[in-house]
Structure formats: structure tokens, C-alpha cells
Amino acid sequence: MDYQSALGSLFSPEGRHDPYPAYDVLRAHAPAFLAPDERWYVTTHALTTRLLRDPAVRLADSRDYDQFWPEWRQNRGVASVVLSMLQMNPPDHTRVRRAAAATFTARRIAAMRDVIAGQAEELIKAMPATADFMTSFAYPLPIGVICALLGVPDSDRAWFRQRAADLTVVLEPISTVDEMELADAAGRDLEDYFIGLIAERRRHPREDLTTALAASGDTLTGEEMLANLVLLLVAGFETTANLLGLGLHLLLGRPAEAERLRAHPDLAPAFVEEILRYDSPVQLTSRLTTEPLDLGDGLSVPAGAGLTMLLGSANRDPARYDDPHRFDPGRPNIQPVSFGGGAHYCLGAPLARLEAQVAFPLLLTMLPRLALTGVAERRDRLVLRGFSALPVTTG
């Protein structure tokens, strides 16, 4: 397979199902290359890590969207992403992220460990003998945790799950008209919900993130506050659900590793890092250059160039990891780029890691005969990798 065929395969269902052979071809071709779509694709760990932190690399923001899609604000799913810190550049990104980080603190996240464990135990106890792991555990745990942080009532969590799932399609470069209509409807529903919740918290403050953001004064505009509440909900749900599904699939397919984690739950942080490296729930991210960049090896990228950083490829780079296609939680110095890097490093990464670190040992100890059964169904997505169904038996 030549590099052009490998790149093309990523835009087919078969290639997306297992992109790693294509990544190997692309990485062997060059650390970065200009493709026929006039985008530069970045394949290696070293170059991806560098560019994620380079101040001469930025995100496409609302001004860019105004130029190539003047009507983008009419789709409220798209608007909720573009107007959030996910698609902002300094100085707006600095201002908005600082306000969010002041509420999404390490102390607040660490205090969620018992909440996560309690919710996980309840879900495990309720899991039937034959279950879809995604429906029974991987989806409800992160939606329950992020809703607890935001102060969303338990009774509304099921309502949130489908809308969060519908909205994530706007993060994909390939989507249908029907999917975009669902994203628009989800964005409108979530905006309406958070308008009501913000008003309620201003009248009756509580110890939750919505109250903290509502009390941020003039730091955020009303539109920014809404967009970032929607972002926290959707990002806090989607990536973690995929991490849980991908991780359990890896563990149950490797009984010796599952047994090692069952016997030594203190190894959970290393297992979670290796899961993130081996099969990242986020496969790529895109940027724009603000000035010409020398990438080394005779490669020069002009200002205004579009970059697609293949995070999944970087995580399997043999120049960074020995035997990268082997799942090895004991490997030293695991540093996956799954949550990005630099100023846009994922704000919710510590929470996603904590949920997985708590969940996997509980699943393996409370359900010692947990096993895969039937056919796992992967979601046909290019950016967000995960399962739509993962059948299991609990013994």
C-alpha cells in the first residue's frame, strides 16, 4: 500500500475500523507531508508533540468559520463548539480557559473519586448477565459524573446522554445532513437547558461548576458561558465513554493483563496510560500555521497551511515506543498525545483518567468472570474512536 492509498483508506469505513496499518505506511513515508487535499498530515510523535505546543500554530476559530461557512451560527451544535474554548485562540482562549480552570480544579476533581466509585459500583451491580457494556456502563458512568459536577439533577441525565451523543458529530470532518440536523437540535436543547440552570443557580447557588461559572462576573459573555457548559458536558461524556469501551475491550482480549490489574489495582494509572496510547479515543486534531515553519528533514510549511496531526499514529511511533503495536502497561515513560498538548491540552483529561483508573479495577474485581461475547460494533468515526456496542457476559 502506497502512502496515498493509506491516506485514502482513513476516509473509508474499512480503514477507519483499523487505521493503524495505514498510519504505519504514512509514518514511513514522512514525518509530515502535503496531501492532494492541500493539508499537511503529521505522523510522528516528536513532530506532533512539538506542533501542539508551537505558538505559531493555532486553531480555526469563529473568524475562520465566518469566511468559509458564513451560516455556521445557524447550526447551534456547531456554534456550541466554535464559541467554546475548544476553538478559541489567545487572548480569548486564555481568558475563557482561565475562568473554566478556576472552577474545574484539581482539588475538585480529586474529590470526585468517591462519587465515581459509588456510581460505578451501582452500575456494576445492576449489570445483567448478558449486557451491552456501552449502554450499561461506559455511557452512564461519565454522563453521571459530569452531570454531578455541573449540578444537573439525576432525573435529567438520560435526557442529556442522547443529546451529547448527537452533538459530537460536529467534531467529525465527515457527516451527513441528517446528523448535522440532529446536532443542531441537540445544541438548541442544551442551550435552552443551561439557560434555565444558570438562572436557577444565580437564584439558588450550590457547590457545582454551573454555580461557579455563573458567578464569574464579566469574565465570560453569556454566549461563551453557554458554549463552555455544553462543551464540558459533551467532552466529559464522549471521550471518557470511548476510553472505557476501548480499555475494557483491550483488557478482556488479554486475560493475563486483566488478571494482573485485578490482582494489583494500584497499577491502574499505568494501564490507563497504555490504553490511551495503544488505542486513542481521539485520533486526530487540526490546526493552522500563522507563519512559515521549518519542520526539519527539508520540510517547510507556509503560513496559513492546514495541519492534521494524526494522534493515533504518533502514539504508535516506533521512534518513541519500542514494539509500539504491543499492549504493554509496564513500558516506561508512556506519554500519549491523546488529550493534545500545550495551551489546548484537554481541561478534562484528569477527570477522564480518574474515571478509568477507578472503573477498571472495580469491573474486574466485582465481576471476576466478565468476558467478551458476540460481535463488538465500532462507531464509524474518523476523529472520535470507540464502540457503539460491546457485548459482554458477567458470569
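My numbering puts the first residue of the sequence shown at -19, with every later residue one more than the last. Here a beta-carbon is modelled for each residue, glycine too, at the ideal position from N, C-alpha and C.
Secondary structure of P108 (DSSP, three-state): coil.
Annotation for L275: the continuous beta strand (DSSP E) segment containing it runs L273 to G276. 9 Å or more divides the Cβ of A369 from the Cβ of T23. Note that the C-beta distance between V281 and A12 is below 9 Å.
Scanning its chain for C-beta atoms nearer than 8 Å, with the 5 sequence neighbours on each side dropped, one finds around S318 the residues L256, R257, S260, P261, V262, L291 and N295, in chain order. Shown here, P249 sits in a helix according to DSSP, grouped into three states.
In this structure, DSSP gives S155 a state outside helix and strand, which the three-state scheme calls coil. With respect to G276, L6 sits apart: the two C-beta atoms are not nearer than 9 Å. The stretch 98 to 114 and the stretch 71 to 89 do not touch, with fewer than 3 CB-CB distances between them shorter than 8 Å. Exposed is the label assigned to N313, since fewer than 16 other Cβ atoms lie within 10 Å of its Cβ. Distance check between G202 and each of L223, L224, L189 and E171 places E171 closest, using alpha-carbon atoms only. In the three-state DSSP reduction, G286 falls in the strand class (E or B). The bridge partners DSSP lists for F367 are R358. One Cα belongs to S60, the other to R137, and the distance between them is close to 19 Å. Proximity of the stretch 122 to 130 to the stretch 226 to 244 falls short of the contact definition, fewer than three beta-carbon pairs being nearer than 8 Å. Per the coordinates, the alpha-carbon of L327 lies some 11 Å from the alpha-carbon of N208. If you check the CB distance, G57 and D164 come in under 9 Å. By the neighbour-count definition (other C-beta atoms within 10 Å, threshold 16), A332 is a buried residue. Only residues of its own chain outside the window of five on either side were considered, and among them I104, M107, T374 and G375 have a CB closer than 8 Å to the CB of L347, listed in chain order. Our two residues, L66 and Y173, have alpha carbons roughly 21 Å apart in a direct line. Excluding sequence positions up to five before and after T29, its CB lies within less than 7 Å of the CB of V317 and G321, all in the same chain and listed in chain order. Just so you know, the alpha carbons of V149 and G366 end up roughly 13 Å apart. Residue pairing of L279 in beta bridges, as defined by DSSP: G276.
Every unbroken stretch of the alpha helix (DSSP H) spanning 4 or more residues and falling wholly within the stretch 219 to 264 is given here in chain order: 235 to 243 and 248 to 258.
Excluding residues up to 5 positions away in sequence, R333, A336 and Q337 lie with their Cβ nearer than 6 Å to the Cβ of V252 in the same chain.
Excluding residues up to 5 positions away in sequence, G131 lie with their Cβ nearer than 8 Å to the Cβ of R186 in the same chain.
The shortest C-alpha to C-alpha distance from L344 to any of L241, I89, I154 and I96 is the one to L241. Nearest Cα to R141 within the set I126, R19, M289 and L151: I126.
Closest in C-alpha terms to L362, from the list A97, T265 and V214, comes T265.
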